[in-house]
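Enquirer: Before anything else, here's the structure in question.
There are 2 protein chains.
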Amino acid sequence: MNERVVSGRLSIIGLGPGDETYLTQQARDALREAQDVIGYAPYVARVPVTPGQTRIESDNRVELQRAKEALERAAAGRKVAVVSGGDPGIFAMAAAVFEAIETGDPAWRELDIEVAPGISAMQAAAARVGAPLGHDFCVISLSDNLKPWDVIEKRLEHAARGDFVIALYNPASRARPQRIHDAFALLRRVLAPERLVVFAKSVGRVEEDIIVSTLDEADPNEVDMTTLVLIGSSGTRLLPRADARPWVYTSRKAP
Amino acid sequence: MNERVVSGRLSIIGLGPGDETYLTQQARDALREAQDVIGYAPYVARVPVTPGQTRIESDNRVELQRAKEALERAAAGRKVAVVSGGDPGIFAMAAAVFEAIETGDPAWRELDIEVAPGISAMQAAAARVGAPLGHDFCVISLSDNLKPWDVIEKRLEHAARGDFVIALYNPASRARPQRIHDAFALLRRVLAPERLVVFAKSVGRVEEDIIVSTLDEADPNEVDMTTLVLIGSSGTRLLPRADARPWVYTSRKAP
Numbered sequence: 000m001n002e003r004v005v006s007g008r009l010s011i012i013g014l015g016p017g018d019e020t021y022l023t024q025q026a027r028d029a030l031r032e033a034q035d036v037i038g039y040a041p042y043v044a045r046v047p048v049t050p051g052q053t054r055i056e057s058d059n060r061v062e063l064q065r066a067k068e069a070l071e072r073a074a075a076g077r078k079v080a081v082v083s084g085g086d087p088g089i090f091a092m093a094a095a096v097f098e099a100i101e102t103g104d105p106a107w108r109e110l111d112i113e114v115a116p117g118i119s120a121m122q123a124a125a126a127r128v129g130a131p132l133g134h135d136f137c138v139i140s141l142s143d144n145l146k147p148w149d150v151i152e153k154r155l156e157h158a159a160r161g162d163f164v165i166a167l168y169n170p171a172s173r174a175r176p177q178r179i180h181d182a183f184a185l186l187r188r189v190l191a192p193e194r195l196v197v198f199a200k201s202v203g204r205v206e207e208d209i210i211v212s213t214l215d216e217a218d219p220n221e222v223d224m225t226t227l228v229l230i231g232s233s234g235t236r237l238l239p240r241a242d243a244r245p246w247v248y249t250s251r252k253a254p
Numbered sequence: 000m001n002e003r004v005v006s007g008r009l010s011i012i013g014l015g016p017g018d019e020t021y022l023t024q025q026a027r028d029a030l031r032e033a034q035d036v037i038g039y040a041p042y043v044a045r046v047p048v049t050p051g052q053t054r055i056e057s058d059n060r061v062e063l064q065r066a067k068e069a070l071e072r073a074a075a076g077r078k079v080a081v082v083s084g085g086d087p088g089i090f091a092m093a094a095a096v097f098e099a100i101e102t103g104d105p106a107w108r109e110l111d112i113e114v115a116p117g118i119s120a121m122q123a124a125a126a127r128v129g130a131p132l133g134h135d136f137c138v139i140s141l142s143d144n145l146k147p148w149d150v151i152e153k154r155l156e157h158a159a160r161g162d163f164v165i166a167l168y169n170p171a172s173r174a175r176p177q178r179i180h181d182a183f184a185l186l187r188r189v190l191a192p193e194r195l196v197v198f199a200k201s202v203g204r205v206e207e208d209i210i211v212s213t214l215d216e217a218d219p220n221e222v223d224m225t226t227l228v229l230i231g232s233s234g235t236r237l238l239p240r241a242d243a244r245p246w247v248y249t250s251r252k253a254p
């Protein structure tokens with residue numbers, strides 16, 4: 000008998016941004032049931048402690064290796080939780096896990112796998128300023144670690160010409176601070192200077208900082224690794240308030 | 000003395016799709032604290048009961064009227080929760096509330112308003128099939144109630160030519176069953192026939208039904224009001240499994 004019994008379970012869990020505010024019931028239940036919790040150290044640190052659980056913290060750069068370790072543990076019969084900030088399905092761990100499955104042990108395909116979606120950074124940022132994602136939008140990662148910059152430029156161009164609201168993930172890194180400047184240069188060639196721009200830094204954390212401006216006035220030097228960038232469409236509007244940051248929302252009507 | 004004291008609060012709350020699985024801690028807390036819960040009847044029915052709460056159910060078509068009623072109650076000092084399925088910030092109630100604020104009583108701008116994001120249908124659908132939103136994507140509503148069809152066509156064209164994964168909301172209605180057929184005709188002119196397509200019906204509910212196919216084989220007649228449609232990019236891949244629906248994920252690498 001050479002048959003393998005795969006009795007473990009792998010949950011790929013989104014913690015949302017920041018603290019437990021955004022944790023879903025599904026994520027909470029899966030975290031409680033997990034025997035092993037694996038993730039980038041700051042995410043593991045945010046998981047409510049369950050006695051007896053093994054916690055495995057890894058570096059942010061080794062997503063594929065982390066995915067393989069999680070799959071191996073699940074294949075060995077463990078109940079494993081891989082944790083991600085935001086939504087694991089949006090520029091996060093879920094794609095890395097399925098990539099590892101595609102290239103790994105065929106038995107991994109038959110594993111019991113659950114993806115628990117989470118509130119992604121763009122949703123938390125949008126909620127803080129109003130409803131800028133209230134109509135058609137595009138979501139683009141500016142990271143050129145795994146795709147060439149000309150693919151990113153092509154997508155920015157189509158997103159702008161299609162008059163979408165645009166959410167930019169990974170807009171800057173220490174290794175490539177220039178990306179967001181290049182993206183803004185491109186967008187400024189295509190879009191009107193009065194387009195609304197939101198820089199949402201560290202959303203959901205104590206150091207949260209949100210800047211609302213326009214495409215011609217926004218300073219890309221303000222953007223760091225923790226920033227979610229939103230560029231409005233022609234239907235995105237500003238509602239000034241007396242003693243508070245203005246609301247920003249995108250009309251459901253075409254302009 | 001003519002000064003108005005605005006002591007109420009308006010929470011615009013996302014319930015996520017389906018049952019309480021996707022409810023966040025923030026949404027749960029806001030629902031418990033609300034004195035008045037307002038929403039489309041099936042959403043109000045999903046809110047856990049808190050004794051003493053007023054529940055106001057409305058028709059789905061009257062979003063702006065519902066928003067105004069919520070704002071009036073909050074301005075009168077009530078703690079009001081407007082509930083939405085999915086994420087209120089994504090094709091849902093939040094934009095309607097801010098639209099009502101823009102055109103309504105200036106005092107409404109100074110109200111204490113909180114948006115509690117929720118898991119949107121595309122996230123739940125993506126989680127069920129793997130990680131199709133793992134890379135750059137566009138989100139488009141096919142509803143032409145409030146925008147002309149040529150704007151939708153322009154956006155579909157740019158989304159397709161930009162090689163984005165595409166999530167389609169409101170793909171069909173009883174009044175306009177033709178929209179999804181028109182959208183597929185357009186996408187088939189631009190995209191390769193083997194592009195992966197997911198129809199996720201009633202995600203998170205008992206009648207959930209998910210169909211994975213390709214652009215040339217998918218039948219738009221399968222699409223109804225409860226369906227979230229996902230069209231893969233050139234980097235979206237299929238992982239066949241022995242006894243289950245295949246996994247679908249979008250590679251983090253450019254093809």
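If you read the protein sequences in the order shown, they are chains A and B.
Numbering that gives the first Met the number 0 applies: residue 0 is where the first sequence begins, and numbers increase by one.
Numbering that gives the first Met the number 0 applies: residue 0 is where the second sequence begins, and numbers increase by one.
Every residue, glycine too, gets a C-beta built ideally from N, C-alpha and C.
Since we're looking at a predicted model, the values are computed, not measured.
1) Can a CB atom of chain A be found closer than 8 Å to the CB of I209(B)?
2) Look up S212(B) in the DSSP assignment and give the residues it is bridged to.
3) Are A80(A) and I12(A) touching if we call contact CB-CB under 8 Å?
4) From the DSSP output, which residues share a beta bridge with G136(A)?
5) Enumerate in chain order the residues of its own chain whose CB-to-CB distance from P116(A) is below 6 Å, with the five nearest sequence positions on each side excluded.
6) Does the beta carbon of S201(B) come closer than 8 Å to any beta carbon on chain A?
7) Using the Cβ count rule (16 or more neighbours within 10 Å means buried), how would you classify T249(A)?
8) Any heavy atom of the ligand GTP inside 7 Å of the beta-carbon of N144(B)?
9) What does I230(A) touch in chain B if you count any residue whose Cβ is under 8 Å from its own?
10) What does R240(A) touch in chain E if you count any residue whose Cβ is under 7 Å from its own?
11) Does K67(B) come within less than 8 Å of chain A when only Cβ atoms are used?
12) Could you name the residues of chain B that P116(A) contacts, counting a contact when the two beta carbons are closer than 8 Å?
13) If contacts are defined as beta-carbon pairs under 8 Å, then P131(B) and A123(B) qualify, I think. What distance do you get, rounded to the angstrom?
14) List the residues of chain A that D86(B) touches, going by C-beta distances under 7 Å, in chain order.
15) Between E2(B) and chain A, is any beta-carbon pair separated by less than 8 Å?
16) With DSSP as the reference, please indicate the residues paired to I37(A) in a beta bridge.
17) For the stretch 168–190 of chain B, which residues have a CB atom closer than 8 Å to at least one CB atom of chain A, in sequence order?
18) Output needed for A66(A): all residues of its chain with C-beta closer than 6 Å, excluding positions within five of it in sequence on either side, in chain order.
19) I need the boundaries of the beta strand (DSSP E) containing A115(A), first residue and last residue.
20) Would you mind telling me which residues of chain B sit closer than 7 Å to G103(A), beta carbon to beta carbon, in chain order?
21) Measuring straight from C-alpha to C-alpha, what distance separates E2(A) and P105(A)?
22) Can you give me the Cβ contacts of R194(A) inside the same chain, cut-off strictly under 7 Å, excluding the 5 residues immediately before and after it?
23) Below 8 Å on the Cβ atoms is my guess for I179(B) versus A166(B); work out the distance and round it to an integer in Å.
24) What does the Cβ neighbour count give for A191(A), buried or exposed, with the cut at 16 atoms within 10 Å?
25) Measure the CB-CB distance between V164(B) and F136(B) and report whether it falls below 8 Å.
26) Once DSSP output is grouped into helix, strand and coil, what is the label at L155(B)?
27) Look up R31(A) in the DSSP assignment and say whether it is helix, strand or coil.
28) With DSSP collapsed to three states, give me the class of R23(A).
29) Taking the straight line between their C-alpha atoms, what separation do you get for P16(B) and D18(A)?
30) Which one of M224(B), W107(B) and V196(B) has the shortest CA to CA distance from R240(A)?
Expert: Taking the coordinates as given:
1) No - not a single Cβ of chain A is within 8 Å of the one on I209(B).
2) The partner list for S212(B) (beta bridge, DSSP) reads V196(B).
3) Yes, they are a contact pair.
4) Just to set this straight, residue 136(A) is Phe in the shown sequence, not Gly. Note: F136(A) sits in a beta bridge opposite V164(A) and V138(B).
5) The beta carbon of P116(A) sits closer than 6 Å to the beta carbons of G13, D86 and G88 from its chain, once the five residues preceding and following it are set aside; these are given in chain order.
6) Not an interface residue.
7) In this structure T249(A) is buried. Its beta-carbon is surrounded by 16 or more other beta-carbon atoms within 10 angstroms.
8) Ligands displayed in this structure: none; no statement on the ligand GTP is therefore possible.
9) Those within 8 Å of I230(A) in chain B number zero; the least Cβ separation is about 14 Å.
10) The chain labelled as chain E is not found among the protein chains of the depicted structure, namely A and B.
11) Among the CB atoms of chain A, none fall inside 8 Å of the CB of K67(B).
12) Think of a sphere of 8 Å around the beta carbon of P116(A): the chain B residues whose beta carbon falls inside it are Y21, I118, Q122, A123, A125 and A126, in chain order.
13) Contact doesn't hold; Cβ gap of about 12 Å is too wide.
14) Q122, listed in chain order.
15) Residue confidence is low: E2(B) scores 48 on pLDDT, short of 50, so the model does not pin down where it sits. No coordinate-derived value is stated.
16) Beta-bridge pairing links I37(A) to I55(A) and V81(A).
17) Answer in chain order: no residues at all.
18) Contacts found: A95, V96 and A99.
19) For A115(A), the enclosing beta strand (DSSP E) starts and ends at D111 to A115.
20) What G103(A) touches in chain B: nothing, since even the nearest Cβ is about 11 Å away.
21) With a pLDDT of 48 at E2(A), under the threshold of 50, the predicted position of this residue should be treated as unreliable, though the coordinate-derived value follows. Roughly 13 Å between the two C-alpha positions.
22) Contacts found: T213, L214, I230 and G231.
23) 13 Å between Cβ atoms; not a contact.
24) Under this definition A191(A) is an exposed residue.
25) Closer than 8 Å, so yes.
26) The three-state reading of DSSP puts L155(B) in helix, counting H, G and I together.
27) Taken through DSSP and simplified to helix, strand or coil, R31(A) comes out as helix.
28) Checking the sequence shown, residue 23(A) turns out to be Thr, not Arg. Correct three-state label for T23(A): strand.
29) Rounded to the nearest angstrom, the gap between the Cα atoms of P16(B) and D18(A) is 22 Å.
30) Residue nearest to R240(A) within the set M224(B), W107(B) and V196(B) is W107(B) (criterion: CA-CA distance).
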